[in-house]
Each structure stands twice: as C-alpha cells, then as structure tokens.
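Enquirer:
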Amino acid sequence: MKHEKVVIIGSGPAGLTAALYTARASLEPVVITGPQIGGQIAITHEVENYPGFWSAEHAPTGPELVEIMQKQAEHFGARFVYDEVAEVDFRNGSPFTVKTAGETYSADVVIVTAGASPRKLHIPGEDEFVGRGVSYCATCDGFFFRGKDVVVVGGGDSALEEGLFLTKFANEVKVIHRRDELRAGVALANRAFKHEKINFVWDTVVNEVIGNGVVQSVMLENVKTGEQSELKTDGVFIFIGHYPNSKFLEGELAMDEEGYVLTDEKMRTNVPGVFAAGEIQDPHWRQIATSVGQGCAAAMSAEKWLSQREG
Ligand code: NAP
Numbered sequence: 041m042k043h044e045k046v047v048i049i050g051s052g053p054a055g056l057t058a059a060l061y062t063a064r065a066s067l068e069p070v071v072i073t074g075p076q077i078g079g080q081i082a083i084t085h086e087v088e089n090y091p092g093f094w095s096a097e098h099a100p101t102g103p104e105l106v107e108i109m110q111k112q113a114e115h116f117g118a119r120f121v122y123d124e125v126a127e128v129d130f131r132n133g134s135p136f137t138v139k140t141a142g143e144t145y146s147a148d149v150v151i152v153t154a155g156a157s158p159r160k161l162h163i164p165g166e167d168e169f170v171g172r173g174v175s176y177c178a179t180c181d182g183f184f185f186r187g188k189d190v191v192v193v194g195g196g197d198s199a200l201e202e203g204l205f206l207t208k209f210a211n212e213v214k215v216i217h218r219r220d221e222l223r224a225g226v227a228l229a230n231r232a233f234k235h236e237k238i239n240f241v242w243d244t245v246v247n248e249v250i251g252n253g254v255v256q257s258v259m260l261e262n263v264k265t266g267e268q269s270e271l272k273t274d275g276v277f278i279f280i281g282h283y284p285n286s287k288f289l290e291g292e293l294a295m296d297e298e299g300y301v302l303t304d305e306k307m308r309t310n311v312p313g314v315f316a317a318g319e320i321q322d323p324h325w326r327q328i329a330t331s332v333g334q335g336c337a338a339a340m341s342a343e344k345w346l347s348q349r350e351g
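Residues in the sequence shown are numbered consecutively from 41, following our numbering.
(1) Would you mind listing the beta strand (DSSP E) stretches within the stretch 174-216 that are 3+ residues and don't spill past its ends, in chain order?
(2) Since ILE163 is in the beta strand (DSSP E), which residue starts that stretch and which ends it?
(3) Answer yes if the stretch 63-73 comes into contact with the stretch 109-124, meaning at least three C-beta pairs across the two stretches below 8 Å, and no otherwise.
(4) Figure out for me which residue from ALA154, SER146, ASN262 and ALA178 has the closest Cα to the Cα of GLY86.
(5) Check this for me: beta carbons of GLY165 and GLY253, under 8 Å apart or not?
(6) Using the Cβ count rule (16 or more neighbours within 10 Å means buried), how would you classify TYR176?
(7) Return helix, strand or coil for LYS25, following the three-state DSSP convention.
(8) What do you reckon, is the C-beta of GLU201 under 7 Å from a heavy atom of the ligand NAP?
(9) If I measure Cβ to Cβ from GLY281 and keep anything under 6 Å in the same chain, skipping five residues before and after, which residues do I get?
(10) Beta-carbon within less than 8 Å of ASN310's beta-carbon, same chain only, minus the 5 sequence neighbours each way: which residues are those?
(11) Where does LYS237 fall in DSSP's three states?
(12) Looking at VAL125 and PHE288, is the spacing between their C-beta atoms short of 8 Å?
(13) Hey, could you find the ends of the beta strand (DSSP E) ALA224 is sitting in?
(14) Do you know how far the Cα of MET109 is from the Cα of VAL128?
(15) Kindly indicate which three-state DSSP category VAL106 falls into: helix, strand or coil?
(16) Should PHE183 go down as buried or exposed, given a rule of 16 or more other Cβ atoms within 10 Å for buried?
(17) Tell me where the alpha helix (DSSP H) around VAL332 begins and ends.
(18) Grouping DSSP H, G and I as helix and E and B as strand, with all else coil, what is HIS324?
(19) Reducing DSSP to helix, strand and coil, say where ASN247 ends up.
(20) Leaving aside the five residues before and after TRP242 along the sequence, list all residues of the same chain whose C-beta is less than 8 Å from its C-beta, in chain order.
(21) Just tell me which of LYS272, THR244 and SER341 has its CA closest to the CA of GLU212.
(22) I'd like the span of the alpha helix (DSSP H) that includes PRO75, first residue to last.
(23) Within the present structure, is the beta-carbon of LEU271 separated from the nearest heavy atom of the ligand NAP by less than 7 Å?
(24) What's the call for THR144, buried or exposed, on a 16-neighbour Cβ count within 10 Å?
(25) Could you check whether the Cβ of LEU67 sits closer than 7 Å to any heavy atom belonging to the ligand NAP?
(26) Select from GLU270, VAL255 and GLN256 the residue whose C-alpha is nearest the C-alpha of ASN262.
(27) Which one or two residues does DSSP pair with ASN252 in a beta bridge?
(28) Alpha carbons only, please: which of ILE49, LYS208 and PHE205 is nearest the one belonging to VAL138?
(29) Only counting the same chain, and skipping five residues up and downstream in sequence, which positions put a Cβ closer than 6 Å to that of ARG326?
(30) If I follow the unbroken beta strand (DSSP E) through ALA59, where does it start and stop?
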C-alpha cells in the first residue's frame, strides 16, 4: 500500500486547482485522474467564460486549459496517476483507503472531485446507437456530421452551446425541447435564435431512436397534443443535464437524494479529513470558475485540517 499525505480523486477544474494549492503547500498530492483528465472541460470546444483566458481571436479550447492547469500543478509537485478509483474506505477515519484496479493508497486527507456525467434519456435505441449517431459530446463527435442533419435534445445552456458548435459541421441542427421556453441564458438563446442553421421544435420529446446500423430517424411526441411523428436525422445529440459520479462513495459519505456529496461552506464532508469540490457536490453553478473556487477552498481546508491535527 502506498501512503500519501493527500489523494485527490478526479482531475476536472476542481481537482486540478486542489492539486495546485496542496502542491504549493508542500503536500505532494497525488491526483487519480479518472477516465478523462480534465473531466468535462476536456470535451469542451471553446472556453469563453473563464476569467483571464479569452482573446478576440482565440478563446482556449477545453484541452488547452486542462494542459495549462495540469502543468502548473505539476510544476509545484503534484503527481498524476491515470487511473480510476474503484472503491474507498472512509469509515475508519484517517488514514483513508483509496483503491484503483491495481493499486491501494492510504491517505491522510482525501479531496473528492469526481465530477458529473451526462444524463441519458433512457429511451429505446439510445444505448444501441451510442457512437453510431447518438452522442453526448458535440466536440468529440461533431466532425462526423459534416453536411448532415442532426437533432439536439434539451433546452439548457449545454444544448444551445453544443448546438451552436454543431453548426460548424451539420447542415441543419434541430433543437428539440420538451417545453416552449428555454432554460438556457439569454446570450446563448439569442445566438441560437439568430443562427440560420438552428431550428427549434417546441413542446416535444424524443421517444425512440431508430436506425439500421446507424441512426436514421427519431420518433417524436408533442407533449401538448400527443401527436407522434418520425423525423429523419443522422445524429442525436443529448444534453439534458448531469448526474454526480458518486456511486463509489455510497455508504462512505453523506449525500443528497440525487447523489450529490454534502459539504459545508469549507468544502468539508461529514467525514473529518475528507473534502469535496466541483460538480460532485454542486448541482447549481457548474462553471469552471465555480469549480476552481471550490477546489481552492477544499485544498486550503485540507491543509488547515492537517496542520491542526499535527498540532
Ligand atoms: P440544465 O440546465 O439542467 O438543462 C437541461 C435541459 O434538458 C433542460 O432544458 C431540461 O428541460 C431538459 N431535460 C432534462 N431532462 C429531460 C428529459 N428527460 N427529456 C427531455 N428534456 C430534458 O443542464 P445543462 O444545459 O447541461 O446545464 C447545466 C449547468 O451548466 C447549468 O447551470 C448551465 O447554466 C451550465 N452551463 C453553462 C454554460 C455556459 O455558461 N456557457 C454552458 C453549458 C452549461 P426543462 O427546461 O424543461 O427542465
């Protein structure tokens, strides 16, 4: 078993910031990255709203921002392990146990920043056509839809941001929303309304994805009239929110009914010595800027907790 002062679970903006701050406090953190270093920003095309990183010519891509943040944390002594945590034992107090498939760590402090994942529609055909027309990431898959017609499901900021990104490739982007009013903010909504390639289908849900090897159409239902119709499409991009990646923490940390880890204003969980930051504990803000702030706070709390414990 490897003993570490600080183990950080997850490497999105919260984890990368916690790594930077604990590294600068000489705690030599180990970051267990999870399946994708950078988390959700690694699959974000352009980051226009993170303060200090924008220019008229070029907003950074998500992966560029991740690379900068990782290099900065490494410069101060953070170490990155490209692995996934399978299980933890927090019940016996510090030192805690964190297990990946091939390694077991003991850690004086754990900072959980495992983030959130895209929600699914759970409709027939959705799982069958993932990677063959169904996608949860325009940045990853948009390129394959050059000159094609796609639908975007959802009415929030993600749906419109990703829908706008898809206009770079697709012929037409139909945004299918279950209400007649968007949840997305005004700025994105206005850009989408003005875009000649984007059209909206209101009060409508997708009930089925149909295809033969690849997606060919979707079955739609108007929720007001009950009318059903088939819409031909080459791609189905689903952006209907997220759920926290907290399954491996069940029974170890207090969570709300949706699985978000409960923290106080100092990012402390119910287990002394375990802190949480970013989307694993934040169903509300979900911005790079807020995750960075929470990661910073968690790291500072962790450092304080360790130094108080050591007397
Ligand atoms: P969201 O704000 O929760 O929006 C989810 C959308 O999906 C809503 O319009 C919702 O409809 C719809 N939806 C949910 N379940 C559905 C279902 N089963 N069938 C059909 N539609 C369904 O999620 P998000 O867009 O991923 O955004 C999450 C957070 O990240 C937000 O705080 C957002 O502001 C932020 N964000 C910000 C930016 C940015 O600032 N540029 C970009 C992306 C995300 P209803 O509206 O009817 O509930």
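Positions of the beta carbon are idealized from the N, C-alpha and C atoms, including for glycine.
Expert: Considering the structure as presented:
(1) Those beta strand (DSSP E) runs which fall completely within the stretch 174-216 and span 3+ residues are 189-193 and 212-216.
(2) No beta strand (DSSP E) holds ILE163; DSSP gives it neither H nor E.
(3) Contact between the stretch 109-124 and the stretch 63-73 is present, because at least three Cβ pairs lie under 8 Å.
(4) Reading off the sequence, residue 86 comes out as Glu, not Gly. When each option's Cα is compared against that of GLU86, the closest is ALA178.
(5) Their beta carbons are not under 8 Å apart, which means GLY165 does not touch GLY253 by this criterion.
(6) buried
(7) With the chain covering only 41 through 351, there is no way to say anything about residue 25.
(8) yes
(9) ARG159
(10) LEU293, ALA294 and LEU302
(11) coil
(12) For PHE288 and VAL125, yes; Cβs fall inside 8 Å.
(13) Where ALA224 is concerned, there is no enclosing beta strand (DSSP E), given that its DSSP letter is neither H nor E.
(14) 26 Å
(15) DSSP, read as helix, strand or coil, puts VAL106 in helix.
(16) PHE183 comes out exposed.
(17) 328-349
(18) coil
(19) strand
(20) HIS217, ARG219 and ASP220
(21) Of the listed residues, the one whose Cα sits closest to GLU212 is LYS272.
(22) Premise fails: PRO75 is in no alpha helix (DSSP H) and is neither H nor E.
(23) no
(24) exposed
(25) no
(26) GLU270
(27) VAL254
(28) ILE49
(29) GLU319
(30) Unbroken run through ALA59 is the alpha helix (DSSP H), 53-64; no beta strand (DSSP E).
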